[in-house]
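Below: the structure, in structure tokens.
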Amino acid sequence: MSHEKYQSLIQTLHDCMEACNHCYNACLQENDVKMMAECIRLDRECADFCGYLEQALGRGTPFAEELASVCARICEACGNECKKHDHEHCQKCAEACFTCADACKGIA
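Shown next as structure tokens:
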């Protein structure tokens, strides 16, 4: 039942996780990796939490609202950091993060 109820959010979480993982890997290839350190850190944090929430919703967690609230905050932080960088991967990641944050707020 929960799985069907949250199917749209589960897909959004998965898309955000993939965008963050791509951004993380691409940031590691940039010339000034040190400048990308906070972006890399938040990409990992966001990907990990989105992946966790995706799994938790799939198994019917009773903490959906609370976890979604935390996830929204993490996604916003990651999106705000990524949008500071002109790299295409960062801009796409920011967009995915803001979409995910809005979706999470919808159930939080």
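First residue of the sequence shown? That's 2 in my numbering, and the numbers climb one at a time after it. Every residue gets a Cβ at the ideal spot worked out from N, C-alpha and C, and that includes glycine.
Residues of its chain near residue i, where Cβ-Cβ distance is below 8 Å and the 5 sequence neighbours each way are ignored
{"i": "LYS84", "result": "CYS91, GLN92, ALA95"}
{"i": "THR100", "result": "THR13, ASP16, CYS17"}
Residue from the options with nearest C-alpha to residue i
{"i": "CYS17", "options": "LYS106, GLY107, CYS98", "result": "CYS98"}
{"i": "LYS106", "options": "CYS76, GLU82, ASP87, ARG60", "result": "CYS76"}
{"i": "HIS86", "options": "SER70, CYS28, GLY59", "result": "CYS28"}
{"i": "HIS15", "options": "GLY52, ARG74, ILE108", "result": "GLY52"}
{"i": "HIS88", "options": "GLU5, CYS72, ASN26", "result": "ASN26"}
{"i": "SER70", "options": "GLU31, LYS35, ILE108, MET37", "result": "ILE108"}
{"i": "GLU5", "options": "ALA38, GLY59, VAL34", "result": "GLY59"}
Coil, strand or helix - residue i by DSSP
{"i": "ARG60", "result": "coil"}
{"i": "LYS106", "result": "helix"}
{"i": "ARG88", "result": "According to the sequence provided, residue 88 is His. The question's Arg does not apply to it. Of the three classes helix, strand and coil, the one that applies to HIS88 here is coil, per DSSP."}
Beta-carbon proximity list for residue i, same chain, < 7 Å, skipping 5 on both sides
{"i": "LEU68", "result": "LEU54, ALA57, THR62"}
{"i": "LEU43", "result": "ALA78, CYS79, GLU82"}
{"i": "GLN12", "result": "none"}
Sequence-distant residues of its chain with Cβ nearer than 6 Å to residue i (five each side left out)
{"i": "GLN8", "result": "none"}
{"i": "ALA104", "result": "LEU10, THR13"}
{"i": "VAL34", "result": "none"}
Supposed contact pair residue j and residue i - C-beta distance, whole angstroms, cut 8 Å
{"i": "ALA65", "j": "CYS21", "result": "Their Cβ separation, rounded to whole angstroms, is 21 Å, which puts ALA65 and CYS21 out of contact at 8 Å."}
{"i": "PHE50", "j": "CYS24", "result": "No, PHE50 and CYS24 are not in contact; Cβ-Cβ is about 15 Å, not under 8 Å."}
{"i": "GLU31", "j": "MET37", "result": "5 Å"}
Near the ligand COA: residue i beta-carbon under 7 Å from a heavy atom
{"i": "GLY52", "result": "Of ligands this structure carries none, so the ligand COA is not represented either."}
Q) Whole alpha helix (DSSP H) runs in the segment 4-83 with 4 or more residues, listed along the chain? A) 8-28, 38-59, 65-83
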